[in-house]
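A short worksheet on the structure shown next.
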Amino acid sequence: MTQKNSSETTPAAENGGGDLFNTAAGWVLFAGVMALGLSILSGKFFHADKPEMPENPGYLIAVAESEDAGPAEMTMAAALNMMPQDELIAKGEKVFAKCMSCHSIDAGGANGVGPNLHGVMGAAFGSKSGFGYSSALTSMGESWGWEQMDAWLKSPKGYISGTSMSFAGLGKIEDRAAVAMYLNANGSSLAVPEYVEEAAAEATEGAEGEAQTDEEGEAAAEQDAAAEIEEAASE
Numbered sequence: 038m039t040q041k042n043s044s045e046t047t048p049a050a051e052n053g054g055g056d057l058f059n060t061a062a063g064w065v066l067f068a069g070v071m072a073l074g075l076s077i078l079s080g081k082f083f084h085a086d087k088p089e090m091p092e093n094p095g096y097l098i099a100v101a102e103s104e105d106a107g108p109a110e111m112t113m114a115a116a117l118n119m120m121p122q123d124e125l126i127a128k129g130e131k132v133f134a135k136c137m138s139c140h141s142i143d144a145g146g147a148n149g150v151g152p153n154l155h156g157v158m159g160a161a162f163g164s165k166s167g168f169g170y171s172s173a174l175t176s177m178g179e180s181w182g183w184e185q186m187d188a189w190l191k192s193p194k195g196y197i198s199g200t201s202m203s204f205a206g207l208g209k210i211e212d213r214a215a216v217a218m219y220l221n222a223n224g225s226s227l228a229v230p231e232y233v234e235e236a237a238a239e240a241t242e243g244a245e246g247e248a249q250t251d252e253e254g255e256a257a258a259e260q261d262a263a264a265e266i267e268e269a270a271s272e
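Structural data, given as structure tokens:
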């Protein structure tokens, strides 16, 4: 019998060492593939090597936006001259029909829920005898001119806080002007204010010119800011 040398390595031992090496190499290769894949995947979402520039260089400037309130309301002078006086008086008589449940307008007419309104235009506030006015009205110390009557007919409580007048008001200045003209034709003779259309047009053009100047100034400020940013970026 021959005795095997103990220094000789068995095939099983050799295979075991090879398996360990192959396993370790496989994990290293797998880790490398994963790292490469993650790098490629992240590059699709995060372009660190290609920074994106904004389409319009600069920064946002907060500019207060003006609300478009629509066309300005006609002035009382314009409304009083929008049609011949006799036509405006006739229109006012029709609108005044809403008021006749509380007011009379004939000379010597009795007071009702509200005072008789004959001759009210030009008269002092709360001057009709025999009617109990609120202290809020009598304490005003004014007279019924065109502008005062316009404000009153638009919103009595909005014009004089604390008045006992419950009327909601007339929303259209054309109606308010017509009623005021009708009142003036019944016992009063206030001069109708003149309305010069050319002067009103000039005032409107002036306001539009100021608005355009403001817009141009804002645009120039934005351009200057953008230029400063571009200059800083190029340095």
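So the sequence shown is numbered by my numbering: it starts at 38 and just counts up by one.
We treat Cβ as the ideally placed atom computed from N, Cα and C, and that holds for glycine.
query, result
"Which same chain residues end up closer than 7 Å to W189 when comparing Cβ atoms and leaving out the 5 residues on each side of it in sequence?", "Y196"
"Compare the beta carbon distance of M218 and G163 with 8 Å and say whether it is the shorter of the two.", "no"
"Can you check DSSP and say which residues form a bridge with S180?", "A161"
"In three-state terms, what does DSSP make of Y232?", "coil"
"Starting from the Cα of S172, find the closest Cα among W183, S201, L117, A114 and give me that residue.", "S201"
"Per DSSP, what kind of secondary structure is A222 in: helix, strand or coil?", "coil"
"Would a C-beta distance cut-off of 8 Å place M158 and L220 closer than the cut-off?", "yes"
"How many angstroms separate the CA atom of A236 from the CA atom of H140?", "Low local confidence applies: a pLDDT of 46 at A236 is under 50, so the model's placement there is unreliable, and no value is given."
"Who are the Cβ neighbours of S180 in its own chain at under 8 Å, not counting the five residues just before and after it?", "G159, A160, A161, F162"
"When the Cα of D210 is compared with those of V70, K131, G199, E110, which residue comes out closest?", "According to the sequence displayed, residue 210 carries Ile and not Asp. Comparing Cα positions, the closest option is E110."
"For F204, tell me which candidate among F67, K194, R213, I126 has the shortest Cα-Cα distance.", "K194"
"With distances taken from CA atoms, which of K135, G224, M120 is nearest L154?", "G224"
"L75: buried (16+ other C-beta within 10 angstroms of its C-beta) or exposed?", "exposed"
"Rounded to a whole number of angstroms, what is the C-alpha to C-alpha distance between A222 and M113?", "17 Å"
"In chain order, what residues of the same chain have a beta carbon less than 8 Å from the beta carbon of Y232, not counting five sequence neighbours either side?", "T112, A114, A115, L117, N118"
"To the nearest angstrom, how far is the alpha carbon of A61 from that of I77?", "25 Å"
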